[in-house]
């Protein structure tokens with residue numbers, strides 16, 4: 158099997174991101190986006206940053222929950238440092254080792270554990286978050302004013318129940334060793350995505366958007382799901398395109414939607430950048446006695 162060249166993959170992602178961003182900004186008036194951003198209320202923006210941080214702290218607890226199932230009893234502080242470094246790698250060093258790959262490499266190097274299981278729990282951690290993005294999207298879809306499809310309430314409920322069952326069966330069939338924490342990790346994911354929704358809601362308030370909040374939050378969740386697809390750098394471009402088309406479909410202001418997307422990305426980048434400290438001073442992983 159031919160392994161893709163990392164540099165070529167990175168160049169490809171950068172090109173895709175630039176094309177998508179260019180496409181968005183020829184479709185909208187960039188001056189309108191700037192006007193939207195200039196109306197930002199600092200207090201709401203600060204609260205949005207705080208709730209984003211809360212979401213990431215809880216997410217770090219979730220991944221540590223999986224590590225503990227592998228009998229890797231990292232202290233939460235050590236895990237949080239490793240998690241922050243992973244955020245930095247995911248966003249700022251896409252051409253090198255990714256955040257999850259680095260965490261897996263570090264855990265495998267320091268602890269005697271099965272490589273496949275380490276990779277598996279990191280993937281399950283991501284899937285758990287993705288599941289809750291989907292569930293919240295289905296719930297908000299019910300309350301979106303526009304009637305996009307008939308019987309959306311019934312379809313949304315079926316989709317939610319089915320997704321939980323499928324994920325539970327996936328864990329039961331292939332990853333039985335993490336079943337004891339299935340519902341606990343599910344709850345952590347629920348709080349992670351809930352706090353991110355609050356963060357976006359506060360961004361809307363910072364921009365003085367007091368209408369169609371449910372629709373904007375719905376688009377954000379869909380954009381977060383799309384951003385998981387590894388075709389761009391940190392979801393740049395794909396998130397903006399989703400916001401643009403979502404706004405068009407739901408009769409929202411496209412410039413405002415792009416403004417929300419940009420602010421959320423800047424918050425993500427701002428927090429992730431603090432991980433640079435642990436790039437130069439690698440965190441020492443400490444364990445706790447169980």
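Numbering (my numbering), first residue to last: 158 to 447. Glycine included, every Cβ here is placed at the ideal spot set by N, Cα and C.
- Query: Taking just the CA atoms, how far does residue 244 sit from residue 217?
  - Reply: In the chain shown, the residue the question calls residue 217 occupies position 60. In the chain shown, the residue the question calls residue 244 occupies position 87. Approximately 11 Å, taken between the alpha carbons.
- Task: Would you grab the beta carbon distance between residue 215 and residue 345 for me? Rounded to a whole angstrom, and I think it's under 8 Å.
- Result: Your numbering for residue 215 matches position 58 in the chain shown. Your numbering for residue 345 matches position 188 in the chain shown. Residue 215 to residue 345, Cβ: 6 Å. Contact.
- Message: By DSSP's criteria, residue 444 is part of a beta bridge. Which residues make up the other side?
- Response: Here residue 444 corresponds to residue number 287 of the chain shown, with the count starting at 1. 231, per the DSSP bridge assignment.
- Neighbourhood of residue 268 by C-beta distance below 7 Å, restricted to the same chain and skipping five residues each side: Looking up residue 268 in the chain shown gives position 111. Here the set comprises 229.
- Message: Check whether the stretch 403-417 and the stretch 217-227 touch, using three or more Cβ-Cβ pairs below 8 Å as the test.
- Response: No, the stretch 403-417 is not in contact with the stretch 217-227.
- Please work out which residues of its chain come closer than 6 Å, Cβ to Cβ, to residue 353, disregarding the five sequence neighbours upstream and downstream, and give them in chain order. Walking along the chain shown from the start, residue 353 turns up at place 196. Answer for residue 353: 212, listed in chain order.
- Query: Thinking just about the alpha-carbon of each residue, which of 369, 318, 399 is nearest to the one in residue 379?
  - Reply: In the chain shown, counting from the first residue as 1, residue 379 sits at position 222. Of 369, 318, 399, the residue nearest in Cα terms is 399.
- Task: Can you have a look at residue 445 and say buried or exposed, based on whether 16 or more other CB atoms are within 10 angstroms of its CB?
- Result: Stepping through the chain shown from its first residue, residue 445 is reached at position 288. When all chains shown are included, residue 445 counts as exposed.
- What span of residues does the alpha helix (DSSP H) with residue 401 cover, start to end? Taking the first residue of the chain shown as position 1, residue 401 is located at position 244. Per DSSP, residue 401 belongs to the alpha helix (DSSP H) from 395-406.
- Which value, in whole angstroms, describes the spacing of the CA atoms of residue 236 and residue 308? Translated into the one-based positions of the chain shown, residue 236 becomes position 79. Translated into the one-based positions of the chain shown, residue 308 becomes position 151. Each residue's Cα considered, the two are about 44 Å apart.
- If we ignore side chains and look at the alpha-carbon of each, how far apart do residue 171 and residue 246 end up? Taking the first residue of the chain shown as position 1, residue 171 is located at position 14. Taking the first residue of the chain shown as position 1, residue 246 is located at position 89. Between residue 171 and residue 246, the C-alpha separation is close to 15 Å.
- Query: Who are the near neighbours of residue 288 in its chain, counting only those whose CB is closer than 8 Å to its CB and skipping five residues on each side?
  - Reply: What you label residue 288 is simply residue 131 of the chain shown in a count that begins at 1. So the qualifying residues of the chain are 320, 321, 324, 343, 346.
- Query: Does the beta-carbon of residue 253 have 16 or more other beta-carbons within 10 angstroms, so that it is buried, or is it exposed?
  - Reply: Here residue 253 is taken as the residue at index 96 of the chain shown, counted from 1. Confidence is the limiting factor: at residue 253 the pLDDT is only 46, short of 50, which leaves the residue's position unreliable, though a coordinate-based value still follows. That one is exposed.
- Message: Here's the rule I'm using: 16 or more other beta-carbon atoms within 10 Å means buried, otherwise exposed. How should residue 223 be labelled?
- Response: To locate residue 223, count along the chain shown from 1; it is residue 66. With 16 or more other Cβ atoms from the protein chains shown falling within 10 Å of its own Cβ, residue 223 counts as buried.
- Query: Could you give the distance in angstroms between the alpha-carbon of residue 199 and the alpha-carbon of residue 257?
  - Reply: Taking the chain shown and counting its residues from 1, one reaches residue 199 at position 42. Taking the chain shown and counting its residues from 1, one reaches residue 257 at position 100. Straight-line Cα distance between these residues: approximately 33 Å.
- Query: Can you tell me whether residue 272 is buried or exposed, with buried defined as 16 or more other CB within 10 angstroms of its CB?
  - Reply: Numbered from 1 along the chain shown, position 115 holds the residue referred to as residue 272. With a 10 Å radius around the Cβ and a threshold of 16 neighbouring Cβ atoms, residue 272 comes out exposed.
- Just list the alpha helix (DSSP H) runs in the stretch 319-351, keeping only unbroken ones of 4 residues or longer that don't cross its boundaries, in chain order. none
- Message: For residue 422, report the span of its alpha helix (DSSP H) as first-last.
- Response: On the chain shown, position 265 is the one that residue 422 refers to. Element bounds for residue 422: 411-430.
- Task: Can you tell me which of the three DSSP states residue 310 falls into?
- Result: Position 153 of the chain shown, counting from 1, holds the residue named residue 310. Residue 310: helix per DSSP, three-state reduction.
- Meets three-Cβ-pair contact criterion under 8 Å: the stretch 292-302 and the stretch 356-374: yes
- Let me know if residue 260 comes out buried or exposed under the rule of 16 or more other beta-carbons within 10 Å of its beta-carbon. Your numbering for residue 260 matches position 103 in the chain shown. Label assigned to residue 260: buried.
- Task: For residue 302, count neighbouring C-beta atoms within 10 Å of its own C-beta (all shown protein chains included) and say buried if the count is 16 or more, exposed if not.
- Result: What you label residue 302 is simply residue 145 of the chain shown in a count that begins at 1. Residue 302 comes out exposed.
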